[in-house]
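S.K.: According to mature numbering (1 follows the signal peptide of the UniProt record, and there is no 0), the stretch in the sequence shown is residues -29 to -1, 1 to 226, in order. Idealized CB from N, CA, C, for every residue including glycine. Structure incoming, see below.
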Amino acid sequence: MNKRNFRNIAMITSKFLIAALLLTGCSSAGTSNNQPADNTNKSTTETKTTQTQMYTRSETVTIDQAKQLLVEGNKRYVDNKILGHDITNTRRKALSTNGQKPFAVILSCSDSRVPPELVFDQGLGDLFIVRNAGNVIDPIALGSIEYGAEHLGAPLIVVLGHEKCGAVKAAMEGGTYSDNITAIINQIKPSYDKVKANNKNADDMYNLTIDENVRNSMSLINKSTVIQKLLTEKKINIIGGKYHMDTGEVTFDIQ
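If you want it as structure tokens, here you go:
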């Protein structure tokens, strides 16, 4: 190869190298300029999503609004359209820092088939739950209900009974039980006795007793001086509900 040809090849090679470097530089510059904007947009989207998930309701709700939240949540549960509730670290930390603000106190049976948070499709911090076999009232249960209404400001108290309640059935059938289980049965038996006295020919004594047991618990809650004061001030209301096992529906027609 002569010197002239060598110089030509060297010049062509140099031009290709310069062009490649220029293209690479432009590409890097474009990536550098776009990257911060992409991160900013992503951060904004994540922030909006977190806020939406954390604040699905107002912290302060009225009595009627509280009931409506339960009705709407139960409908989602029945229709198998439950929400994806926020259970992230952000949500837990917010509740830990700011405290809880439940909109309802629920007295329900301990029956594993009737978990109130699922039945009403509510999330962390929404419901203040008191559970025992037979949804009965004793000093501990009543004190818990008073705390939820007076100190946490929940405007609605719900006594939630359910179909096929084992505690009610035990009270109706009688039998020998431990002292602690007998204490539960003794709380339910007056409701059964009342139903028997007023409905001697009733075909559905079981469900009537379940309903009467809910009324009895509502009556005992109503006798609390703390609750009476809140009722007089129209800050709270007490309602009775019944969970229907086969459908998952909660009806609020127990007076």
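Is residue 104 helix, strand or coil by DSSP?
M.R.: Reduced to three states, the DSSP call for residue 104 is coil.
S.K.: Quick one: is residue 86 buried, meaning 16 or more other Cβ sit within 10 Å of its Cβ, or exposed?
M.R.: Classification for residue 86: exposed.
S.K.: Does the beta-carbon of residue 54 have 16 or more other beta-carbons within 10 angstroms, so that it is buried, or is it exposed?
M.R.: So residue 54 counts as exposed.
S.K.: Once DSSP output is grouped into helix, strand and coil, what is the label at residue 180?
M.R.: Residue state, collapsed to three classes: helix.
S.K.: Could you give the DSSP three-state label for residue 225: helix, strand or coil?
M.R.: Strand, per DSSP.
S.K.: When you compare the CB positions of residue 106 and residue 185, do they come within less than 9 Å of one another, or not?
M.R.: A contact, by the Cβ cut-off of 9 Å.
S.K.: Measuring CB to CB, does residue 42 end up less than 9 Å from residue 77?
M.R.: Against a cut-off of 9 Å, the Cβ pair of residue 77 and residue 42 comes out as no contact.
S.K.: For residue 88, I'd like the list of residues in its chain whose CB is within less than 8 Å of its CB, leaving aside the five on either flank, ordered along the chain.
M.R.: The answer, listed in chain order, is 94, 97, 98 and 100.
S.K.: Could you tell me the boundaries of the alpha helix (DSSP H) in which residue 172 lies?
M.R.: Careful: residue 172 lies outside any alpha helix (DSSP H) and carries neither H nor E.
S.K.: Give me the residue from 171, 52 and 179 with the minimum Cα distance to residue 162.
M.R.: The shortest Cα separation from residue 162 among 171, 52 and 179 belongs to 179.
S.K.: Sort 183, 149, 175 and 151 by Cα distance to residue 160 and report the nearest one.
M.R.: Of 183, 149, 175 and 151, the residue nearest in Cα terms is 183.
S.K.: Compute the Euclidean distance between the alpha carbons of residue 132 and residue 212, then round it to the nearest angstrom.
M.R.: Each residue's Cα considered, the two are about 6 Å apart.
S.K.: Taking contact to mean at least 3 C-beta pairs separated by less than 8 Å, is the segment 67 to 76 in contact with the segment 135 to 154?
M.R.: No, they do not touch.
S.K.: Please list the terminal residues of the continuous beta strand (DSSP E) segment that includes residue 111.
M.R.: First-last for residue 111: 110 to 117, but that is the alpha helix (DSSP H), not the beta strand (DSSP E).
S.K.: Expressed to the nearest angstrom, what Euclidean distance is found between the alpha-carbon atoms of residue 37 and residue 224?
M.R.: Cα-Cα distance, rounded: 16 Å.
S.K.: How is residue 32 classed by DSSP in three states: helix, strand or coil?
M.R.: Reduced to three states, the DSSP call for residue 32 is coil.
S.K.: Name the one or two DSSP bridge partners that residue 76 has.
M.R.: DSSP lists 99 and 128 as partners of residue 76.
S.K.: Please report the straight-line C-alpha distance between residue 51 and residue 148, rounded to a whole angstrom.
M.R.: Going from the Cα of residue 51 to the Cα of residue 148 covers about 39 Å.
S.K.: The alpha helix (DSSP H) with residue 60 in it runs from where to where?
M.R.: Per DSSP, residue 60 belongs to the alpha helix (DSSP H) from 60 to 69.
S.K.: Compute the Euclidean distance between the alpha carbons of residue 191 and residue 158, then round it to the nearest angstrom.
M.R.: Taking the straight line from one Cα to the other gives about 11 Å.
S.K.: Tell me, to the nearest whole angstrom, how far the beta carbon of residue 81 is from that of residue 103; I am working on the premise that it is less than 8 Å.
M.R.: Yes, they are in contact, since the Cβ atoms of residue 81 and residue 103 sit about 6 Å apart, within 8 Å.
S.K.: Helix, strand or coil: which one does DSSP assign to residue 212?
M.R.: Residue 212 falls in the strand class under three-state DSSP.
S.K.: Thinking C-alpha only, which one of 207, 219 and 35 is nearest residue 124?
M.R.: Nearest option by C-alpha distance: 207.
S.K.: Kindly give me the distance between the Cβ atoms of residue 141 and residue 128, rounded to whole angstroms, as I take these residues to be in contact under 8 Å.
M.R.: Not quite, the Cβ-Cβ distance comes to about 26 Å (not below 8 Å), so this is no contact.
S.K.: Flag this pair as yes or no: are the beta carbons of residue 198 and residue 116 separated by less than 9 Å?
M.R.: Contact flag set, yes.
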